[in-house]
Every structure is written in C-alpha cells, then in structure tokens.
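Below is one structure, written out as structure tokens; comments come after it.
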Amino acid sequence: MNLLTTYVSVCFSGLTKLQALTLHKELADVDYFPQSDCHAPSTKQNPAPIYTAILPLRSEVIDDVMSFYIKQQLTIEQCRIQISIPTQVSGTKPVFTVPPIVNHMLTHLNCGLVVMVE
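At position 65 of the sequence shown the residue is numbered 490 (the numbering used here), and the sequence of numbers has no breaks.
See the structure below:
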C-alpha cells in the first residue's frame with residue numbers, strides 16, 4: 426500500500442478585485458488570479474474581471490476564513506475545499522487519507538469538496 430501526502434486548500438471564486446486584495450492582505454499565503462473562463466473586457470454588463478483566491482487550509486486560519494466569508498457576504502457556491510493528490514509514481518494502488526482539518530472546516534462552512542490528482 427502506497428500512502429500519499431495530500432495538500433488541502435480553500436478556494437474562493439467569483440470575487441471582485443477588492444475582495445481578492447482584501448483576502449490577500451488579511452491572510453498570509455493567499456494567491457489570487459483572474460478567472461480565465463469569466464474574464465472578459467470591461468463592459469456595462471461586465472464591469473470588472475472576476476477573481477479566484479486560494480490559500481492553504483491550516484487550523485490557525487479557519488476563523489479568519491470564516492470572518493472573510495461572512496464579512497464579504499459570499500455564497501456557499503463561491504467556496505470550496507480543494508484536496509490535491511500527487512500523481513502515483515509506482516505501480517501500486519495509491520491510498521490517501523483526508524486530513525482532519527477538512528472535517529473541522531466543514532463543521533464551520535459546508536462548502537464543496539474538489540479532489541485533484543496532479
């Protein structure tokens with residue numbers, strides 16, 4: 426059995442640039458970028474680009490993440506927990522465990538889970 430290490434992060438999508446900058450300023454290790462599928466030239470219908478922000482999920486940031494979520498009045502669809510699993514290298518079947526921090530976060534915010542094999 427090959428036990429793989431997982432990487433867990435919180436991802437917010439559909440943010441304005443101000444929301445993305447606010448999250449980046451309030452928390453360490455936040456990366457944000459324009460959403461490529463939603464990024465279009467500014468028009469009256471689409472006044473500004475839409476951003477996605479991602480940060481590592483650690484126990485010390487859960488309260489700050491919740492505070493940001495509430496203050497910015499985000500919807501549950503704008504939040505997800507992303508679990509990244511490295512690609513299997515050997516010929517054995519991989520096994521991965523989801524860290525307990527995911528359950529802890531889900532007790533505060535019941536957002537979606539995304540599992541990515543990288």
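Think of the CB as a built atom: it goes at the ideal place given N, C-alpha and C, for glycine as much as any other residue.
- Message: Does T522 come out as helix, strand or coil in the three-state DSSP assignment?
- Response: coil
- Best match in L448, Q444, T477 for proximity to F437 [C-alpha to C-alpha]: T477
- Assigned exposure category for I508 - 16 Cβ within 10 Å defines buried: buried
- Item | Residue(s) in a DSSP beta bridge with F493 | Its beta-bridge partners do not exist; DSSP assigns none.
- Query: Would a C-beta distance cut-off of 7 Å place M541 and I487 closer than the cut-off?
  - Reply: no
- What is the rounded straight-line gap between the Cα of P474 and the Cα of F493? 20 Å
- Residue from K518, I501, A453 with nearest C-alpha to L440: I501
- Ends of the beta strand (DSSP E) at L440? 432 to 440
- Anticipated Cβ contact below 8 Å, V539 with R505, distance rounded: 5 Å
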